[in-house]
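Numbering (our numbering), first residue to last: 8 to 653. The beta-carbon is built from N, C-alpha and C at its ideal position, and this holds for glycine as well. What follows is a set of notes on a single structure, which appears directly below.
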């Protein structure tokens with residue numbers, strides 16, 4: 008009796024254990040059948056969430072591209088299924104994917120892949136036209152001789168009717184090349200025409216009469232030139248004649264040379280995105296959309312095939328309509344009706360491509376002036392409100408711009424009054440912001456918009472090398488999101504030229520990022536450069552050589568405010584602390600692109616965009632931030648970049 012009682016008791020005790028085991032097995036099968044386990048977990052990390060509390064965790068789980076759980080290693084490992092991928096980061100720092108608020112990968116790609124690596128690209132796509140040949144020299148005459156040789160040789164190699172692309176470079180630096188090369192072109196940036204220019208249409212027609220020719224001036228924002236055959240082809244396909252260097256000629260590559268070759272064009276752009284964006288740790292970027300109609304098609308082509316390695320928040324560019332260069336009543340009516348009919352589709356899109364608003368990137372063309380006074384007397388007779396990249400600016404107190412009749416002001420005003428979100432507006436002088444504040448104050452006073460609507464727009468201005476202290480408060484008041492890249496405070500153009508003209512007493516005006524934070528604003532980080540090392544003749548912008556192909560060097564500047572090539576510290580009082588600097592490169596960038604609900608921080612429910620670095624951004628000595636390497640980049644839990652050192 009006692010023995011039977013013992014077995015009965017044992018059975019009673021073991022039955023629940025068996026049932027529990029059976030139930031656990033059933034639950035596991037159900038989880039597998041429902042595909043409910045995480046696709047990926049990240050463990051053994053120092054994961055900076057960059058959430059409101061700046062929480063740090065050890066591990067996180069990802070399912071269907073989004074973060075589903077965060078916690079300790081044990082808590083997250085418990086969720087693992089048979090098919091879950093485990094990424095052990097071995098104690099390294101994990102950050103949200105970086106957001107580059109202003110850059111142009113499609114614009115940087117031609118100089119890189121058709122220029123610096125042109126031979127390989129022409130071979131890859133079996134098209135010898137896909138190569139830009141360089142004409143170099145130490146003076147204008149030498150450059151022209153080299154150009155004649157290059158064009159004639161390419162004409163023989165390619166045969167009649169084929170495009171000849173050539174770039175001109177003088178001296179050993181971009182600064183030298185501007186002096187040597189730009190004067191050869193019929194038009195300089197800023198709208199100034201050179202009456203004694205050599206590279207006229209007639210000159211190029213004689214150089215290769217049977218080939219369309221396009222010439223690139225040194226650097227992305229340099230001048231361009233073409234012959235009659237090229238101009239005819241551009242008008243037929245693009246309904247306009249392309250002008251300018253790489254920045255202005257994107258349509259030539261994507262819409263003419265890659266015409267009806269979407270797969271090749273997509274592969275071309277994808278290489279740039281993988282090697283020069285994703286490899287840096289960038290998972291989202293902001294960019295305009297104009298000048299190359301097929302760029303949207305190419306992005307969509309990649310996205311629909313699961314091959315787009317970064318996310319793109321795009322701005323409706325000024326385009327041809329936004330830069331009509333006219334102030335007639337008809338032009339104003341056109342702008343008003345265009346933006347009124349456009350509709351407000353900010354934020355509309357998908358996880359990879361969405362609209363961020365409406366832009367006229369060249370907003371301040373014709374509005375450039377300053378309230379600073381030059382350190383010595385300057386001849387201002389030829390200074391206008393255009394350009395402003397070199398030399399003095401107009402005196403704002405004397406300029407007295409008629410804002411309502413400035414062609415670059417008109418479309419932005421029309422978009423604002425139509426209730427659209429405006430932004431991505433260049434700001435190359437303090438007078439540029441005075442014009443914008445005038446527009447906002449007037450629109451609010453006339454009840455075209457409310458202050459609350461303006462604040463909800465999070466209006467972005469770009470580059471911002473020169474901001475007066477009194478303007479910082481106004482930017483914060485309007486909840487603006489100015490975007491900074493740093494390099495435009497130095498050099499021979501833009502902010503660097505301003506300092507040389509007006510003196511270091513205006514150093515407090517240079518990119519006042521910390522002051523904006525102190526006033527409650529959320530400034531945004533960007534690069535606006537090609538993040539890859541190429542020879543100087545193929546370089547896009549004039550930034551320190553130590554920054555070539557290194558996003559962490561750009562970030563370091565805002566923490567130290569020191570330029571590595573000249574040792575100058577640009578107002579140490581504006582140095583950013585590490586946490587806010589990383590916010591500027593992540594969550595504040597997401598806010599500017601109107602997508603902070605999905606990107607910018609690592610939180611449950613958000614897209615799983617993250618990077619792993621070899622060194623800890625928060626603890627590495629500040630002058631060593633540039634030595635950080637991005638080891639792994641994941642977009643939505645899919646790894647697009649993995650270093651051999653990971």
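I'd like to confirm the pairing. Which residues does DSSP put opposite residue i in its beta bridges?
i, result
"residue 141", "174"
"residue 645", "642"
"residue 66", "78"
"residue 619", "101, 639"
"residue 55", "63"
"residue 319", "292, 360"
"residue 468", "432"
"residue 223", "174, 231"
"residue 92", "47"
"residue 365", "323, 429"
In whole angstroms, give me the CA-to-CA distance for residue i and residue j.
i, j, result
"residue 481", "residue 475", "10 Å"
"residue 123", "residue 646", "28 Å"
"residue 508", "residue 502", "10 Å"
"residue 101", "residue 72", "17 Å"
"residue 230", "residue 125", "21 Å"
"residue 353", "residue 361", "8 Å"
"residue 196", "residue 271", "Note that residue 196 scores a pLDDT of 46, beneath 50, so its modelled location is shaky and nothing firm can be said."
"residue 387", "residue 369", "23 Å"
"residue 391", "residue 426", "31 Å"
"residue 488", "residue 458", "15 Å"
"residue 504", "residue 542", "24 Å"
"residue 120", "residue 128", "6 Å"
"residue 576", "residue 276", "37 Å"
"residue 640", "residue 105", "9 Å"
"residue 251", "residue 245", "15 Å"
"residue 384", "residue 226", "31 Å"
"residue 469", "residue 59", "26 Å"
"residue 373", "residue 63", "48 Å"
"residue 264", "residue 496", "36 Å"
"residue 418", "residue 429", "10 Å"
"residue 351", "residue 93", "42 Å"
Identify whether residue i lies in helix, strand or coil by the three-state DSSP scheme.
i, result
"residue 299", "coil"
"residue 107", "strand"
"residue 585", "helix"
"residue 373", "coil"
"residue 487", "coil"
"residue 531", "strand"
"residue 191", "helix"
"residue 73", "strand"
"residue 165", "helix"
"residue 473", "strand"
"residue 396", "coil"
"residue 402", "strand"
"residue 413", "coil"
"residue 538", "coil"
"residue 600", "coil"
"residue 387", "coil"
"residue 614", "strand"
Taking C-alpha atoms, which residue in the options lies nearest to residue i?
i, options, result
"residue 234", "217, 227, 212", "212"
"residue 472", "313, 581, 643", "581"
"residue 533", "287, 298, 210", "287"
"residue 232", "239, 240, 226, 208", "208"
"residue 530", "467, 537, 262, 312", "467"
"residue 642", "622, 338, 281", "281"
"residue 160", "146, 176, 214, 203", "214"
"residue 168", "143, 141, 221, 131", "221"
"residue 612", "603, 620, 619", "603"
"residue 46", "89, 61, 54, 57", "89"
"residue 595", "262, 528, 561", "528"
"residue 396", "556, 132, 500", "500"
"residue 557", "634, 177, 307", "634"
"residue 260", "322, 578, 115, 513", "115"
"residue 382", "248, 513, 578", "513"
"residue 656", "85, 324, 87, 132", "Outside the displayed span of the chain (8 to 653) sits residue 656, for which this structure offers no information."
"residue 206", "428, 93, 151", "151"
Got a sec: does the ligand HEM put a non-hydrogen atom nearer than 7 Å to the Cβ of residue i?
i, result
"residue 45", "The ligand HEM is not among the ligands present in this structure, which contains no ligands whatsoever."
Using a Cβ-Cβ distance under 8 Å, would residue i count as near chain C?
i, result
"residue 592", "Absent from the structure is chain C; it holds one protein chain and no more."
Entirely enclosed alpha helix (DSSP H) segments - the segment 427–462, minimum 4 residues
437–452
Quick one: complete alpha helix (DSSP H) runs, 4+ long, within the segment 548–595?
558–567, 585–591
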